[in-house]
Structures are given as structure tokens and as C-alpha cells.
Amino acid sequence: MSVYKCFDCNKDVCKDCSRKHHDKYRDEDLIHSVQLIRDSFIMNCKFRLQSLLRDIQCLPNGEVVAAALLSSELFIFSVSGKLRHVIQLKVNSMMMTVMDKSTVALLLKKINSIAIVDIQQNHVQYIHNIAMENSSGTLIYIENKFYIGYTSHISVIDMSGSVKRRIKLSFTPYVMCYNCVSQHIYCINSSHSEMICIDKDVNDKFIFTDPSMRDLKDLTIDNEGNVLVLCRKEDDISGYNVITVDSNGGKSEIVIENINKLSPYSRICYDHLSNSLVIASDNEVYIYKKKA
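For the sequence shown, full-length UniProt numbering gives the first residue as 1, with consecutive numbering after it.
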């Protein structure tokens with residue numbers, strides 16, 4: 001009985017054949033992408049860029065923006081992998097957040113700055129003198145303000161770079177994302193493999209944890225307001241899963257199981273136009289389309 005699908009061969013295979021298939025294409029440049037047929041998201045496209053990637057975000061217009069890990073380049077491409085253009089920053093960046101349909105912002109920890117990039121105008125402006133000591137490197141954008149993660153707090157910074165307030169936390173937010181509908185902030189607490197939900201006034205909403213999951217890497221919001229989390233199974237040293245958690249933390253399920261060959265810098269984002277999950281790992285990008 002066929003339970004797996006190979007994207008590269010475009011054929012279904014049984015469990016035993018999937019192992020042989022993996023062994024046959026074990027070479028790094030030839031390895032095939034095989035996934036369970038029962039997954040809720042099916043690989044629709046994959047491609048490589050010329051650089052290792054640090055972060056990736058989807059714009060509302062369907063374009064994808066990826067920041068290089070080891071250089072100051074910002075790549076703009078379509079969800080099918082067609083490279084549109086490349087923008088140069090002053091230095092390489094940390095994490096990125098979407099501001100509007102054509103603008104992203106990136107933390108530049110090396111020069112204590114935030115870069116605001118207008119993708120359509122190919123224009124970059126900088127907010128300087130941002131305190132980066134003890135920053136976890138993550139930021140989100142909410143109502144003309146940046147929320148930047150630090151050890152045990154979040155700093156709220158306006159467009160001039162002034163700190164408006166500091167939100168004290170009992171944990172360090174290593175990754176954050178924001179649901180503009182529910183106005184909830186979701187944070188990854190890597191120290192305890194938790195996803196913590198708070199609101200803008202720092203009221204705790206819930207803490208999500210699953211004993212079978214560890215090494216939470218990234219999170220994003222889908223079209224239904226659910227949180228998609230990239231994490232590793234507790235008993236698996238090689239594969240990653242994507243789980244979906246409802247907006248209130250009441251229930252969860254695995255939507256993509258046992259994704260192999262992902263790097264420690266793997267990142268995810270959601271393309272709301274095509275209802276697809278985008279995963280970046282090293283210099284590779286994988287597009288998973290949600291089943292109808």
C-alpha cells in the first residue's frame with residue numbers, strides 16, 4: 001500500500017520502497033523529498049538560492065523575501081522560485097518582519113540598527129542607535145511600532161528609534177509572530193520547548209507545550225488564524241514536524257511529518273494568497289500547498 005509520495009519522481013511508494021528510495025538518493029545533491037500522503041500540506045515546489053538563508057517572509061502580494069545568512073543580500077522572488085531582484089543592505093541581518101504589502105524590516109545587530117526596506121521602490125532607510133545588547137534577534141511590527149525580543153523582556157520602539165516601553169517577561173522570546181486579527185503575540189521559549197501567547201498589554205493567554213515535541217524553531221500564522229510551529233519530535237534526531245495549534249491553544253495536530261535535512265537555521269512563513277507554507281533551510285526553499 002502506498003503511504004509516501006516522492007516529489008522529485010512524482011510517484012507514490014510504500015514504506016519499504018521509501019527506505020530504498022532514500023538510500024538510493026542519499027547523496028546530498030540528489031536526495032529526494034519524500035513525505036507521507038496523509039500530510040495536510042503537500043510539497044508543491046522546491047528550489048535553491050545562491051546563498052545560505054537567515055530568515056524568510058511572505059508579502060501579502062505573493063512575493064517572498066529571504067535574507068542571506070553570511071552576506072548583506074536580500075532576495076525577492078515569486079512563490080514558484082523565480083528571482084525578481086536582489087537588494088543590498090549595509091551588513092547581514094538577524095530576523096525580519098513584514099510591515100505592509102511591500103515593506104519589510106530587519107534587525108541589523110552588527111550596527112545597532114533596523115533596516116526598513118521598500119521592496120517596490122528598491123529603497124532602504126535605517127533607524128540607528130537601537131540597543132542590541134542581550135537581544136534575542138527577533139522582532140515584530142505592530143501599529144507603527146517594533147517589538148524587539150531581549151533576555152526576559154520585549155522593548156517597544158517607535159519609528160524614530162525611541163523606546164516607548166519595556167514589557168517584562170519570565171522568559172526570553174527567541175522567536176515571535178503576531179496575529180493581527182486576534183491581536184495575540186506568539187513567542188517561542190526555547191529553554192522549555194514552549195509556545196507562549198500574550199496580548200499587547202502583556203496579559204498571558206496560554207502556554208502550549210507537547211511532551212512529544214522539542215527544539216521549536218519557528219512559527220507563523222495560517223489563513224484560519226492557527227499557529228504553525230516547526231519543531232522536532234522528541235524521539236527523532238533527524239526529522240522535523242510542522243504542527244498546527246489553534247489560536248486559543250486548545251488543540252493541536254501534526255500537518256507535515258518527518259521533514260528530513262533541515263538545518264538549525266530553518267525558518268517558516270505563510271503565503272496567504274496560495275494557502276501555502278514556505279520553509280527555508282540552508283539555501284533551499286520548500287513550498288507546501290495546503291490540501292483542499
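Just so it is clear, CB atoms sit at the ideal spot from N, CA and C, and this is done for glycine as well.
From a predicted model like this one, the values you see are computed outputs, not experimental measurements.
Residue i, buried or exposed, once every other Cβ within 10 Å from all chains shown has been counted against 16
i	result
residue 73	buried
residue 266	buried
residue 54	buried
residue 60	exposed
residue 148	buried
residue 131	exposed
residue 10	exposed
residue 204	exposed
residue 212	exposed
residue 271	buried
residue 35	buried
residue 247	buried
Identity of the residue in the options nearest residue i by Cα
i	options	result
residue 62	55, 78 and 56	78
residue 43	263, 247, 4 and 232	4
residue 221	268, 131, 202 and 203	268
residue 127	118, 120 and 108	108
residue 233	133, 209 and 204	209
residue 275	261, 291 and 264	291
residue 181	39, 223 and 75	223
residue 120	87, 133, 151 and 113	87
residue 215	150, 242 and 226	242
residue 178	34, 94, 133 and 226	226
residue 143	35, 200 and 6	200
Whole-Å CB distance - residue i paired with residue j, under 8 Å assumed
i	j	result
residue 169	residue 153	6 Å
residue 45	residue 287	4 Å
residue 115	residue 146	Residue 115 to residue 146, Cβ: 12 Å. No contact.
residue 52	residue 68	7 Å
residue 240	residue 228	Not quite, the Cβ-Cβ distance comes to about 12 Å (not below 8 Å), so this is no contact.
residue 47	residue 285	6 Å
residue 315	residue 151	A query on residue 315 cannot be resolved here, the shown segment of the chain reaching from 1 to 292 and no further.
residue 98	residue 111	About 22 Å; that fails the 8 Å criterion.
Sub-9 Å separation of residue i and residue j beta-carbons
i	j	result
residue 198	residue 185	yes
residue 65	residue 124	no
residue 245	residue 217	no
residue 96	residue 37	no
residue 49	residue 70	no
residue 249	residue 195	yes
residue 32	residue 8	yes
residue 282	residue 252	no
Proximity test, Cβ basis, 9 Å: residue i and chain B
i	result
residue 188	The structure shown contains no chain B, having only a single protein chain.
Quiz item: Using 8 Å as the Cβ pair cut-off and three pairs as the minimum, do the stretch 157 to 175 and the stretch 132 to 142 touch?
Solution: Counting Cβ pairs under 8 Å, three or more are found: they touch.
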